[in-house]
Amino acid sequence: MKLIFIRHGEPDYSIDSLTPKGWREAELLSHRTARWDVTDFFCSPLGRARDTASFTLKNAGREATILPWLREFDAPVDDPETGKKRIPWDLMPDFLDAHPDLFDLHKWYQDPFMMTGDMENNYRFVTDGMDELLKNYGYLRDGYRYHAAPDAKRDAVVVCFCHLGVTCVILSHLLNMTPVQLWHGFFLAPTSVTVIGTEERKPGEVYFRCETAGDISHLRYAAEPISYYGSFTEPFQY
1 MKLIFIRHGE PDYSIDSLTP KGWREAELLS HRTARWDVTD FFCSPLGRAR DTASFTLKNA
61 GREATILPWL REFDAPVDDP ETGKKRIPWD LMPDFLDAHP DLFDLHKWYQ DPFMMTGDME
121 NNYRFVTDGM DELLKNYGYL RDGYRYHAAP DAKRDAVVVC FCHLGVTCVI LSHLLNMTPV
181 QLWHGFFLAP TSVTVIGTEE RKPGEVYFRC ETAGDISHLR YAAEPISYYG SFTEPFQY
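Quick note: the sequence shown uses our numbering, first residue 1, plus one each step.
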């Protein structure tokens, strides 16, 4: 089975849609996705993800199922410096260094900073949604792995149009690591493609492996610059 996560195009957050560049990115992406044999499409309810998906879905003559837990990860926390609500990532290195539990698989959501955002319940909302989706394809979570039913849809290709933050949450669950490591260690550019595949080295026992993270070859081939949204440094353009 392949799970493909596509981040929305360059966003215009003020209208929850795309910039003119974002629309170009989405159209270029649709030329790439046209070659895929997709079993099912799913999408975040937010406008920037739905607009990104629109070109692909029109070309394929398909519709996407809207899943509420695919929206951008919605768990604002209290900023210890300002007291205002903020996203739980883009933290400074000295803060991360002072909070080692953020890198512990079993403790990260119990850190006092994360608890101000009811992090455990918000995290479970997403990961339970992912597990329920996988169950429909015959994959059942058990500890750090999944069990595949005899009739599991092993050839399924599932495409999800969503967001950077929630993609990291889902990957952390599938790969058994904290989302903090992914939020701060990975950049997934607008319209980038991330592919996760199942490995079944023992019959019926499944682990997920990341095959591609943040690929933007459809933009490179078209000489469309890579957008920086979600990064604090200029992305490599070549």
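C-beta atoms are modelled at their ideal positions from N, C-alpha and C, and glycine is treated no differently. All of these numbers come straight from a predicted model, not from anything done at the bench.
Spatial neighbours of residue i within its chain, please: CB distance less than 6 Å, with the 5 preceding and 5 following residues excluded, ordered by chain position.
{"i": "E132", "result": "none"}
{"i": "L276", "result": "What is shown of the chain runs 1 to 238, which leaves residue 276 out entirely."}
{"i": "L164", "result": "R7, L188, G230"}
{"i": "R141", "result": "D131"}
Could you have a look at residue i and say whether DSSP puts it in helix, strand or coil?
{"i": "K135", "result": "helix"}
{"i": "T33", "result": "helix"}
{"i": "L57", "result": "helix"}
{"i": "F125", "result": "helix"}
{"i": "I216", "result": "coil"}
{"i": "E224", "result": "coil"}
{"i": "R86", "result": "strand"}
{"i": "R62", "result": "coil"}
{"i": "D101", "result": "helix"}
{"i": "D118", "result": "coil"}
{"i": "E25", "result": "helix"}
Which partner residues does residue i have in the DSSP bridge list?
{"i": "P11", "result": "L18"}
{"i": "I4", "result": "V159, V195"}
{"i": "F95", "result": "In the DSSP output, where bridge partners are listed per residue, F95 has none listed."}
{"i": "E72", "result": "Note: E72 sits in no beta bridge, so no partner."}
{"i": "Y146", "result": "R141, V206"}
{"i": "D40", "result": "V158"}
So, for residue i: in the same chain, excluding its five sequence neighbours on each side, which residues have a beta-carbon less than 7 Å away from its beta-carbon?
{"i": "Y137", "result": "M1, A152, K153, A156"}
{"i": "T167", "result": "F5, R7, L188, T194"}
{"i": "L105", "result": "N176, M177, T178"}
{"i": "R32", "result": "H218"}
{"i": "P225", "result": "Q237"}
{"i": "Y228", "result": "E234, P235"}
{"i": "F113", "result": "V77, P80, H99"}
{"i": "H173", "result": "T127, M130"}
Given a threshold of 16 other Cβ atoms within 10 Å of its Cβ, counted over all protein chains shown, does residue i qualify as buried or as exposed?
{"i": "M115", "result": "exposed"}
{"i": "M130", "result": "buried"}
{"i": "I15", "result": "exposed"}
{"i": "Y123", "result": "buried"}
{"i": "M92", "result": "exposed"}
{"i": "E234", "result": "exposed"}
{"i": "E63", "result": "exposed"}
{"i": "Y13", "result": "exposed"}
{"i": "A199", "result": "The sequence given here places Glu at residue 199; Ala does not occur at that position. It counts as exposed."}
{"i": "A53", "result": "buried"}
{"i": "P88", "result": "buried"}
{"i": "G143", "result": "exposed"}
{"i": "D111", "result": "buried"}
Could you name the residues of the same chain whose beta carbon sits closer than 8 Å to that of residue i, not counting the 5 residues immediately before and after it, in chain order?
{"i": "S17", "result": "P11, G47, R48, D51"}
{"i": "K84", "result": "D78"}
{"i": "E27", "result": "F55"}
{"i": "W23", "result": "G9, D51"}
{"i": "R145", "result": "E205, V206, Y207"}
Under 8 Å: does the beta carbon of residue i sit that close to some heavy atom of the ligand ADP?
{"i": "A98", "result": "Looking at this structure, you won't find the ligand ADP or any other ligand, since it has none at all."}
Is it true that the stretch 75–86 meets the stretch 38–50, where meeting means three or more beta-carbon pairs spaced less than 8 Å apart?
no
Counting beta carbon pairs with one atom in the stretch 96–105 and one in the stretch 65–75, are three or more of them shorter than 8 Å?
no
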